[in-house]
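Trainee: Residue numbers (this note's numbering), protein chains in the order written: chain A, 26 to 362; chain B, 63 to 575; chain C, 3 to 325; chain D, 66 to 405. Here a beta-carbon is modelled for each residue, glycine too, at the ideal position from N, C-alpha and C. Predicted model, so just to flag it, every value in this text is computed and none were measured. Okay, handing you the structure first.
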Amino acid sequence: AKSEDSDTPAAGGSNPSAGAQVVQSAAPGAKSCTLEQFGGTKIDLKTAKVGFSQSEKEANPFRIAETKSIKDEAAKLGIPSANLQTTNANSQFNKQISDVEQMIDSGVQLLVIAPLNSDGWDSVFAKASAKKIPIITIDRKINATSCKDYLTFIGSDFEEQGKRAADKMAAALGNKGSVAILLGAPGNNVTTLRTKGFKDQIAKVAPEIKITFEQTGQFSREEGQKVSEQLLQSNSDINGIYAENDEMALGATVALKTAGKKKGDVKIVSIDGTKGAVQGIVDGWIYSVIESNPRFGPLAFETATKFFNGEPIAEDIIISDREYDQSNAKTDINSAY
Amino acid sequence: MALLEVVDVSKVFPGVRALDDVSFTLQPGEVHALVGENGAGKSTLIKVLTGVYQPDGGQLRYRDEPARFDSPMDAQRAGISTIYQEVNLIPLMSVAHNLFLGREPRTAYGLLDEKRMFREAHEILLRYGVTTDVRRQLGTLALGAQQMVALARAVMIDAKVVIMDEPTSSLEPREVETLFGVIRDLHSQGIGIIYVSHRLDELYQICDAVTILRDGKVVHTGKLADLERLRLVSLMLGRDMSAVRHEGFTGFGGDHGGAEDAAPVLKVTDLNSRRKLHDISFAVRPGEVVGLGGLLGAGRSETIKAIGGAYPVDGGEIAVDGKALNRPTTVQAVKAGIAVQPEDRKAEGIVAGLSVRENIALAILPRMSKLGLVSDRKIDEVVRTYMTRLRIKASSPDQRVGDLSGGNQQKVLLARLLATQPKVLLLDEPTRGIDVGAKAEVQGLIDELAAEGLGVVLVSSDAEELVEGSDRVVVLRDGAVVGELRGDAVTTEALLETIAAAAVEAKEVGNDD
Amino acid sequence: MTTEAATATRPAIDLARVRAWLPKYGVYVAIGVLVLYNVLFTPNFLTWSNLRIQLIQVAPIVIVALGMALVIGTEGIDLSVGSVMALAAALIPLYLGYGVVAAILVSLVAGVVVGLVNGTLVARVGLQPIVATLALFVGGRGLALVISDGQLKDVRNDDLIYLGSGDFLGIPMLVWIAALLVLVVAFVVRRTVFGRRLLAIGGNRPATELAGVPVKRVLITVYVLCSVLASIAGLLAVARIQSSDASAVGLLIELSAITAVVVGGTPLTGGKVRVLGTVAGALLMQLVVATMIKHNLQPSTTEMVQAVIILIAVYVARERKSR
Amino acid sequence: MSTGIVSDPEVPAAVVAADERRAERTDRMVGLVQRQGALAVLIVVVLVATASFPNFRSFDNAGTILIAAAPPALIALGMTFVIITGGIDLSVGSLYVLGGVVSAYASQWGLIPAFLVPLAVCGVIGVLNGLLIAYTRMAPFIVTLAALLGARGLMRALSDEGSTTYLVRSDTFRSFGTGSFLGIGYPVWLVAAVFVLGMVLLSRTRFGHAVYAVGGSEDAASLMGIAVRRTKVWVYVMSGLLAGLAGAINAAKLGSGVTVLGTGMELDAIAAVVIGGTLLTGGAGTIAGTIAGVLLLGVIQNMINQVGNVPSSYQQVISGAFLAVVVVAQTYLVRLRRVT
Ligand SMILES: Nc1ncnc2c1ncn2[C@@H]1O[C@H](COP(=O)(O)OP(=O)(O)OP(=O)(O)O)[C@@H](O)[C@H]1O
Ligand SMILES: Nc1ncnc2c1ncn2[C@@H]1O[C@H](COP(=O)(O)OP(=O)(O)OP(=O)(O)O)[C@@H](O)[C@H]1O
Ligand SMILES: [Mg+2]
Ligand SMILES: [Mg+2]
């Protein structure tokens, strides 16, 4: 086989240290958790059995980068690959639950979970807490009690991402105009929070911006494009599109092009920070991208190490996401994933 | 006192007046024949009587009370049970379950009492000459045995009226006798029986009264004994007695005299298939009609299908015009000039949803086309030819075949076979379930075709038809050839003797091991 | 005839006529109603650019539904079409280096292979179509992901993109291609030996077999055609969204396609194929969704309305018990 | 005068009987393997898994497999009844999610409503399916496809487009979902009990036999006095109820009415039923087979996980290939049976 890109060296992942996650300074007085409080036993990560449960197929850049980062970091720490068990729920929530339960049965001593959903983990917690297995959830938070049901959450603040996107949108439109939202998959927590943050912030900072259209693009490029096409027909006066992930933003870009719009006619703001979207900024089609950094490996294992060493671990470890716009897209594109 | 009565009942289907002011009375203890050509409305009348259809006009009286049956179940509860012509039982379920379906014996807890059910089923069926394991799937039984189960089921409930729609069309003679025994029994118990059949001599054997339907109307009703057979036929057909007499009962003429020394057009040598066929050999010369005789289950259908490539063959040779076919597929068989008319017209013959035209053209599409494109002009030509030649009655070539009467469906099927310009015609029960008129036409046609030089293989459970129609009869039993009748020996008596002799032999062999 | 008699009989006649007419043309009436509604209540509905969008969006479904209609005509069903689209999509970027023709050929070959597998399972092994194609429904997309390494790949080949978003004589290429395929399939069904055999198989397979029709070959061809059409839809989807995403392309399209076919008046029991009806069925479902989106209704409403429309359409078009 | 062929009354009774008996024995043997083929494969697969994966044979792992299989098993049970009548129910996946959502919502009123409300809601949709299929002669495929959409729409409408996840408020209900007896989760016991009922219903009652009869031949069944329409309505009601119950059990286990549960549940159920030897043409099938089919799918999934590092895409390829192999094997067994 020979692809279009065969001649150019493979892009992406070339610079492992680029785009590493940075923790926001923890809020003072926030709850924390130690090994003692949790009631677990100290183990050596190098010889421990670790389980990682991925929620969705590694079919989009975010998931690919996330899984890869966990695996790479484990290898770097010297965890033999036989000791790292990974499962993928293929977007089926029940499968994720039984995947995790099965890993608990098979004796893992640390669980890293990228949850498909924030609720519905009761049975897993019942099982894990009986065996005192610490759970680190990454990218999505689980609605439960930290230090009891699970250890900690590492990830972005989705609502905050929505707010930042709203700020960008407000700036792009000069605080007035009409905006469409391309929602993520319905029922998804990420969708809910990114929508809430965006709407709240718009109402606060730019009440003259009207949100005239909200339709789901299912987080997929094709749906994003289809919905945008319909949107551009019936609301031809739209000024901005807020896409809740980069894929939909890229779909919207294609729709804009085919509808005969010019760069900058409609301002697109999206969330994720994939290479494609950052390239979109460079090309002038996308106004700004708020990052949601998927490289959880180093931070997750660092947190686990600290925890087993007896150090206190914060309830939420919120990473500080970057943002891309015209000013930095060109220079920082290599740290996009 | 009348047991069951319909007064001025009408039933209209889109485009057909299937019943037109029909009145009919059944007395207790009477065996009442219901006769008529295909499509005369017999089955429709029965379905009206048993709640499958609601009449569009007129009324139903049962035991001198006005009655209305909303469903077959309703009628059954009232004591009217029926053996239907087409579908009757459920092949995938066991014999016993079929017998008791809907009224299974139950234990104190309301659960089925299968032990009792199996035991009772066994006992009941013994009386009908069915000895098989009642746990067996019904579908694995011979058709006759299945029909006996249906009969047992119908009589088992406290029936006041038993309706039989062509019960003997798949029974072998022994079973027919059993059936008649049962009917006489019911008769003596005062149960009324409605009996539908195209086999006239059966009617005269067991029926008291007769009602003749034609085109949905009653054309005669009265004592059967008072009605001459010829007159019965002429009433059914709506034709003159003299015309009927002239045509005779079967449409077959004399011998076709395929030259004795001509090379066979079909030669079958040592055909074997699993446990079903054993070393079957026979030959058919051009212009000859060879009958395959035997009881039901003798393997006649399998033989025919095997030759036509529709039944797996383990060994043996089939040659058409001297050219050997090695385990032909249906495609190869048709190409070689073999045309098979299957036994089950509905399931394996016609494509009910397609038009007469499409059905006739189905097998010859490649010839009717250029580069894969069909020429409707060519097709129309062929279709017109055969519709005229076989006197197919259809409103137009575009009519759905499923809407035609049984006889015409059969003719369409024959037209399809003939259109392939075959060398050998294999006909499995070509006249089953079609009325006297159509039957004679089909039989006449077979004669004609043979006279034109086709080799014909004829399978028929109607011994008269077989004997009259064939030049030679090859007798099968248990999948093997047990004898052959030629020339003057082609008689019903000889046929029966051959079968019986083989039976004795088989029995002796059976005793040996 | 007196006026009195005329007025007395007219309603009865009309009712009967409407009853006979509705099953055949109900879909078109429904489309008409929906268009009318949109013309009245949706801004910018009656514009060429809007019509364009609707046609472009419906094109892949129409193409898949054409193949599905053929399969359903044989009393079958093909669940694997979505996976075939994904396979085609996954293969394209891998071979685009050799040029667009090579990439298209390779993806069509994938369609042929899947069709052969499905067809063999149905015709030779004798599996029920729904089960036979379920295996590739599950496995096919997995294979596509394996092939594409799970990665979404951007496509920049201009020729390919032209297929997806270019115009020819002012009409999108996609629409040309879909229209051409509709004509071809309609022609195949009506005028060719293959088409007639297909319908006969759907009507009564044993009878067709006994008539000397090479049933297995026809069936396998039908499944191959269906898969090839699906792979065409897959490659057009790639061309249109200018990227290949094996995990998303053609997701759940089998249901949309089956719906289009059935709503268009082709019965699931086989023996009949209504090509134009299928196109109308797809268009109807597209218009329903478009209307919902344009009026900014929530997914829950859209889904419930779709359910009701499917039921009404199929109820109206259902086969009346004829015997 | 008579054309009746008078044949020897006791023809070849001995020969036929001996032959028939032999045929019956083979028939029954092959029939057993065919019916219980899934069980045979299941045993082989379990043996292989036990030998290859040390963690597979743990008691906990078995419990995990069982509890994960509980909801799909219920759905497959309903599907078995539907498929035996010759129908199909595509709406079960949506009903399952809907059942879970309303169950979690109703749990605020206690344990009993948490079970009854989803049963009622899903039962009603089952009734609608059944009525439409039985009385309008619309194809089950298309009616239940519409119900799939409709029920999902309803679920979204009830949960604020899926964004609201109702938490289970009743502690008893929650502990029903997570608790266990003799080391086996309560849901598994409940499902086992329902299966026993289902088996009795299918094989030992008139209703069960009516189900077989309707699938075997609808016209014949109706002429034999079976209430075909009522039977059909009931199987879809059962299927709806069981999907609702599955949803409730799952809500109890997850402690919430999750709205993003996987689509495609209906196809899994169909696959399990078919692997279990039930014919999609209707008229034949067993519940024991369905159990084996469900467990087989569960065990295969578990094995794939035991390997530890199989990428998600390969998992699907393996599942698809496995499905094909089992179904093809099944078909050859059936054919063997028909020919002998
Ligand atoms: N021993 C048997 N076991 C199972 N099925 C049988 C048996 N004998 C006959 N049958 C079935 O009964 C039907 C008639 O049998 P078959 O076709 O062998 O008889 P035939 O000699 O061709 O009779 P005909 O053509 O007059 O009906 C077939 O459907 C066949 O499958
Ligand atoms: N359900 C139906 N719909 C439309 N027409 C029907 C239906 N049932 C029967 N007919 C028509 O009604 C007429 C009477 O049919 P019926 O089946 O009662 O005939 P029959 O006397 O039983 O014939 P046969 O001897 O062939 O069984 C025929 O013209 C038939 O085509
Ligand atoms: Mg009749
Ligand atoms: Mg036969």
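For histidine 249 (chain B), which of helix, strand or coil comes out of DSSP?
Mentor: Walking along the second sequence from the start, residue 249 (chain B) turns up at place 187. Per DSSP, reduced to three states, the secondary structure at histidine 249 (chain B) is helical.
Trainee: With C-beta atoms as the reference, is alanine 302 (chain A) less than 7 Å away from alanine 274 (chain A)?
Mentor: Mapped onto the first sequence, residue 302 (chain A) falls at position 277. Mapped onto the first sequence, residue 274 (chain A) falls at position 249. In this structure, alanine 274 (chain A) lies closer than 7 Å to alanine 302 (chain A) by Cβ.
Trainee: Do lysine 67 (chain A) and phenylalanine 332 (chain A) have their beta-carbon atoms positioned less than 7 Å apart in this structure?
Mentor: As a position in the first sequence, residue 332 (chain A) is number 307, starting the count at 1. As a position in the first sequence, residue 67 (chain A) is number 42, starting the count at 1. The answer is no: Cβ separation not under 7 Å.
Trainee: How far does the alpha helix (DSSP H) with asparagine 52 (chain C) in it extend, from its first residue to its last?
Mentor: Taking the third sequence and counting its residues from 1, the one referred to as residue 52 (chain C) is at position 50. Note, asparagine 52 (chain C): alpha helix (DSSP H), 50-75.
Trainee: The beta strand (DSSP E) spanning methionine 226 (chain B) covers which residue range?
Mentor: The residue labelled residue 226 (chain B) in the question sits at position 164 within the second sequence. Taken as a continuous stretch (DSSP letters only), the beta strand (DSSP E) holding methionine 226 (chain B) covers 223-227.
Trainee: Please state if the CB of alanine 386 (chain D) and the CB of glycine 141 (chain C) are separated by a distance shorter than 7 Å.
Mentor: Working through the third sequence from its first residue, we reach residue 141 (chain C) at position 139. Working through the fourth sequence from its first residue, we reach residue 386 (chain D) at position 321. Yes, these two residues count as a Cβ contact at 7 Å.
Trainee: In chain order, which alpha helix (DSSP H) runs of at least 4 residues are fully inside the region 223-302 of chain A?
Mentor: 246-259 and 271-283
Trainee: Span of the alpha helix (DSSP H) holding glutamine 471 (chain B)?
Mentor: Position 409 of the second sequence holds residue 471 (chain B). First-last of the alpha helix (DSSP H) with glutamine 471 (chain B): 468-481.
Trainee: Tell me which same chain residues have a C-beta within less than 6 Å of the C-beta of methionine 368 (chain D), skipping the five on either side of it?
Mentor: Translated into the one-based positions of the fourth sequence, residue 368 (chain D) becomes position 303. Excluding positions up to five away in sequence, the list reads Ala114.
Trainee: Evaluate the contact criterion for the region 449-458 of chain B versus the region 231-249 of chain C: three or more CB pairs, one atom per stretch, below 8 Å.
Mentor: no
Trainee: Would you tell me roughly how many angstroms separate the C-alpha atoms of threonine 122 (chain C) and valine 393 (chain D), rounded to the nearest one?
Mentor: Locating residue 122 (chain C) in the third sequence gives position 120, where the first residue counts as 1. Locating residue 393 (chain D) in the fourth sequence gives position 328, where the first residue counts as 1. Their Cα atoms are separated by approximately 11 Å.
Trainee: At what residues does the beta strand (DSSP E) containing arginine 291 (chain B) begin and finish?
Mentor: Numbered from 1 along the second sequence, position 229 holds the residue referred to as residue 291 (chain B). Per DSSP, arginine 291 (chain B) belongs to no beta strand (DSSP E); it is in the alpha helix (DSSP H), 291-299.
Trainee: Going by alpha carbons, who is nearest to glutamine 209 (chain B) out of B:Thr230, B:Asn100, B:Asp195 and B:Ala221?
Mentor: Taking the second sequence and counting its residues from 1, one reaches residue 209 (chain B) at position 147. Closest option to glutamine 209 (chain B), Cα to Cα, is B:Thr230.
Trainee: Quick one: give me the first and last residue of the beta strand (DSSP E) that threonine 112 (chain A) is part of.
Mentor: For the purposes of this step, residue 112 (chain A) is taken as residue 87 along the first sequence, with counting starting at 1. Here the beta strand (DSSP E) through threonine 112 (chain A) covers 109-113.
Trainee: Roughly how many angstroms separate the alpha carbons of threonine 277 (chain B) and alanine 204 (chain B), rounded to a whole number?
Mentor: On the second sequence, residue 277 (chain B) is found 215 positions in, with the first residue counted as 1. On the second sequence, residue 204 (chain B) is found 142 positions in, with the first residue counted as 1. Correcting the residue type first, residue 277 (chain B) is aspartate in the shown sequence and not threonine. Taking the straight line from one Cα to the other gives about 34 Å.
Trainee: Three or more C-beta pairs closer than 8 Å, one from the region 265-284 of chain D and one from the region 150-159 of chain D: is that the case here?
Mentor: yes
Trainee: Excluding the 5 residues flanking alanine 180 (chain C) on each side, which residues of the same chain have their C-beta closer than 6 Å to its C-beta?
Mentor: On the third sequence, position 178 is the one that residue 180 (chain C) refers to. Counting only Cβ-Cβ distances below 6 Å, and skipping sequence neighbours, we find Ala61, Val64 and Ile65.
Trainee: Near arginine 234 (chain D), what residues of its chain come up, given a Cβ to Cβ distance below 7 Å and the 5 sequence neighbours on each side ignored?
Mentor: Counting from 1 along the fourth sequence, the entry for residue 234 (chain D) is found at position 169. Ser172 and Gln173, listed in sequence order.
Trainee: Who are the neighbours of aspartate 124 (chain A) on chain D, taking C-beta pairs under 8 Å?
Mentor: Translated into the one-based positions of the first sequence, residue 124 (chain A) becomes position 99. Result: Asn370.
Trainee: Over what stretch of residues does the beta strand (DSSP E) that includes valine 536 (chain B) continue unbroken?
Mentor: Position 474 of the second sequence, counted from the start, is the residue given in the question as residue 536 (chain B). Unbroken beta strand (DSSP E) run through valine 536 (chain B): 534-539.
Trainee: Could you work out which residue in D:Asn374, D:Gly363 and D:Asn126 is closest to valine 106 (chain D) when comparing CA atoms only?
Mentor: Taking the first residue of the fourth sequence as 1, we reach residue 106 (chain D) at position 41. Valine 106 (chain D) has its Cα closest to that of D:Gly363, out of D:Asn374, D:Gly363 and D:Asn126.
Trainee: Between which two residues does the alpha helix (DSSP H) harbouring aspartate 550 (chain B) extend?
Mentor: In the second sequence, the residue the question calls residue 550 (chain B) occupies position 488. No alpha helix (DSSP H) contains aspartate 550 (chain B), which DSSP labels as neither H nor E.
Trainee: Could you work out which residues of chain C lie near glycine 385 (chain D), taking near to mean beta carbons separated by less than 9 Å?
Mentor: Counting from one through the fourth sequence, the residue named residue 385 (chain D) turns up at place 320. Those are Ser85, Leu136, Ala137, Leu138, Phe139, Val140, Gly141, Gly142, Arg143, Gly144 and Leu145, listed as they occur along chain C.
Trainee: Excluding the five sequence neighbours on either side, which residues of its own chain have a C-beta within less than 8 Å of the C-beta of serine 143 (chain A), listed in chain order?
Mentor: Residue 143 (chain A) sits at position 118 when you count from the first residue of the first sequence. By the criterion of a C-beta distance shorter than 8 Å, serine 143 (chain A) is surrounded in its chain by Arg165, Lys166, Ile167, Asn168 and Asn214, once the five residues flanking it on both sides are discounted.
Trainee: Give the DSSP-derived three-state secondary structure of asparagine 40 (chain A) in the structure shown.
Mentor: By 1-based counting over the first sequence, the position of residue 40 (chain A) is 15. Interpretation of asparagine 40 (chain A) is limited by its pLDDT of 47, a score under 50 that renders its predicted location unreliable; the figure taken from the coordinates is listed afterwards. Asparagine 40 (chain A) falls in the coil class under three-state DSSP.
Trainee: Which residues mark the beginning and the end of the alpha helix (DSSP H) in which lysine 279 (chain B) is found?
Mentor: Here residue 279 (chain B) refers to the residue found at position 217 of the second sequence. That residue, lysine 279 (chain B), is in no alpha helix (DSSP H); its beta strand (DSSP E) goes 279-285.
Trainee: Between which two residues does the alpha helix (DSSP H) containing leucine 200 (chain B) stretch?
Mentor: For the purposes of this step, residue 200 (chain B) is identified with residue 138 of the second sequence, where counting begins at 1. Where leucine 200 (chain B) is concerned, there is no enclosing alpha helix (DSSP H), given that its DSSP letter is neither H nor E.
Trainee: For chain D, is any of its Cβ atoms less than 7 Å away from the one on glutamine 127 (chain A)?
Mentor: The residue you call residue 127 (chain A) lines up with position 102 of the first sequence. Taking Cβ atoms only, chain D reaches closer than 7 Å to glutamine 127 (chain A), which makes this a yes.
Trainee: Can you tell me where the alpha helix (DSSP H) holding leucine 332 (chain D) begins and where it ends?
Mentor: As a first step, residue 332 (chain D) is located in the fourth sequence; it is residue number 267 there, counting from the start. Counting along the chain, the alpha helix (DSSP H) containing leucine 332 (chain D) begins and ends at 330-340.
Trainee: Between alanine 309 (chain C) and chain B, is any beta-carbon pair separated by less than 7 Å?
Mentor: Within the third sequence, residue 309 (chain C) is the residue found at index 307, counting from 1. It does not; no Cβ of chain B falls within 7 Å.
Trainee: Is the shortest distance between the beta-carbon of alanine 202 (chain C) and the beta-carbons of chain B less than 7 Å?
Mentor: As a working note, residue 202 (chain C) is residue 200 in the third sequence. So, interface residue.
Trainee: Flag this pair as touching only if the region 353-369 of chain B and the region 248-255 of chain B have three or more C-beta atom pairs under 8 Å; answer yes or no.
Mentor: With the cut-off at 8 Å, the region 353-369 of chain B and the region 248-255 of chain B do not touch.
Trainee: If contact is defined by three or more beta carbon pairs under 8 Å, each pair taking one atom from either stretch, is the region 338-351 of chain A in contact with the region 422-437 of chain B?
Mentor: no
Trainee: Looking at C-alpha atoms only, which residue of D:Asp154, D:Ile198, D:Phe118 and D:Val382 is the closest neighbour of leucine 313 (chain C)?
Mentor: Your numbering for residue 313 (chain C) matches position 311 in the third sequence. With distances taken between Cα atoms, leucine 313 (chain C) lies closest to D:Ile198.
Trainee: Is it right to say glycine 377 (chain B) is buried, meaning 16 or more other beta carbons lie within 10 angstroms of its own, or is it exposed?
Mentor: To locate residue 377 (chain B), count along the second sequence from 1; it is residue 315. Its Cβ having fewer than 16 others within 10 Å, glycine 377 (chain B) is exposed.
Trainee: Report yes or no: is there a C-beta of chain C within less than 7 Å of the C-beta of glycine 164 (chain D)?
Mentor: Locating residue 164 (chain D) in the fourth sequence gives position 99, where the first residue counts as 1. Taking Cβ atoms only, chain C never reaches closer than 7 Å to glycine 164 (chain D), which makes this a no.
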